[in-house]
Structure formats: C-alpha cells, structure tokens
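**Student:**
Residue numbers (the UniProt record's numbering): 1 to 126.
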C-alpha cells in the first residue's frame, strides 16, 4: 500500500493520521511544509514501511525530532533521499542532517545519565 502525500503543503500530521493504515509500506511526505514529525503519527506504520521519504521539508530540529535519527540507525535502508532531510531551524543547525541528530547535541532534558551520590545520614538526623 502506498501513501503519496508529496507536494501537499502539509504543515503537520495528526497523531491518528495513519492509525487505520497498518498495511502501509511506502510513505512519501516529501516537499511539504512539515516542521516536525511526531513519533506517534508514524508509530502505527513504521514497522511495515519499506520506504519513507521525508525529504525537502522545513524541519525545526529539536528534541521532538531525535526519534527519527534513532529509527534511521535501526532501519537505514528505509529512508529515501537521505541527503535532503535537513534542519531549517534553529539557525545554528541549518543544513544539519536530521538523521544524525542526537539527544546530547540538542541538550534534550531527561536524556542525561547522572552519577548517583551517596548521602550519609547519621542516626537520629533527618
């Protein structure tokens, strides 16, 4: 099953957009106005996709988009036009490959591993 959404001026994808399309194998989201892609939007179909084209959009690269790079590492052969999946914003990331984004590079909250500290409390103190 194919879903060609190329050149549709899409600005966002509703979270339930693909919930009734579990057999979807080819998804073309290229050349739209997407600033982000929700992992929830694609979760109903991501396992069955053989090809995903998300190139030539206007991605705002923040912590909401790092799931894409994790998915790419697992399924790198599914992404088409990889060299055209780049950040448009923020300015310091302009032109950066979305597929190489990391939580650390974007300073995403909740992704740092902290070293536990031992706290000594003498008996009778609180």
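No residue lacks a Cβ here, since even glycine has one placed at the ideal position from N, Cα and C.
Nothing here was measured: the structure is a model prediction, and the numbers come from that model.
In the region 77 to 114, which residue ranges form an unbroken beta strand (DSSP E) of at least 3 residues, counting only runs that do not cross its ends?
**Tutor:** Fully enclosed beta strand (DSSP E) runs of 3 or longer: 87 to 89.
**Student:** Run through the DSSP bridge pairs and tell me what residue 28 is partnered with.
**Tutor:** Locating residue 28 in the chain shown gives position 28, counting from the first residue. Answer is 4 and 53.
**Student:** Is residue 23 helix, strand or coil by DSSP?
**Tutor:** Within the chain shown, the letter at position 23 stands for residue 23. Reduced to three states, the DSSP call for residue 23 is coil.
**Student:** Tell me whether residue 107 is buried or exposed, calling it buried when 16 or more other Cβ atoms sit within 10 Å of its Cβ.
**Tutor:** To locate residue 107, count along the chain shown from 1; it is residue 107. Burial call: exposed.
**Student:** Using DSSP with H/G/I as helix, E/B as strand and the rest coil, what is residue 119?
**Tutor:** Residue mapping note: residue 119 aligns to position 119 of the chain shown, counting from 1. Because residue 119 carries a pLDDT of 46, less than 50, the predicted location of this residue cannot be relied on, and no value is offered for it.
**Student:** Taking the DSSP output, what are the residues bridged to residue 60?
**Tutor:** Counted from its first residue, the chain shown places residue 60 at position 60. Answer is 89.
**Student:** Could you spell out where the alpha helix (DSSP H) holding residue 45 opens and where it closes?
**Tutor:** Position 45 of the chain shown, counted from the start, is the residue given in the question as residue 45. Unbroken run through residue 45: none, as it is neither H nor E.
**Student:** Starting from residue 69, follow the alpha helix (DSSP H) in both directions and report where the run begins and ends.
**Tutor:** The residue given as residue 69 occupies position 69 in the chain shown. Run containing residue 69: 66 to 74, per the alpha helix (DSSP H) assignment.
**Student:** Using only CA atoms, which one of 41, 38, 61 and 55 lies nearest to residue 96?
**Tutor:** In the chain shown, counting from the first residue as 1, residue 96 sits at position 96. The shortest C-alpha separation from residue 96 is found at 61.
**Student:** Can you list, in chain order, the residues of its chain with a C-beta nearer than 7 Å to that of residue 23? Leave out the 5 residues immediately preceding and following it.
**Tutor:** Indexing the chain shown from 1 puts residue 23 at position 23. These residues qualify, in order along the chain: 1 and 48.
**Student:** For residue 40, which three-state DSSP category applies?
**Tutor:** Position 40 of the chain shown, counted from the start, is the residue given in the question as residue 40. The answer is helix: DSSP assigns residue 40 an H, G or I state.
**Student:** Would you kindly check if the distance between the Cβ of residue 13 and the Cβ of residue 52 is under 8 Å?
**Tutor:** Your numbering for residue 52 matches position 52 in the chain shown. Your numbering for residue 13 matches position 13 in the chain shown. Result no, Cβ atoms of residue 52 and residue 13 do not sit closer than 8 Å.
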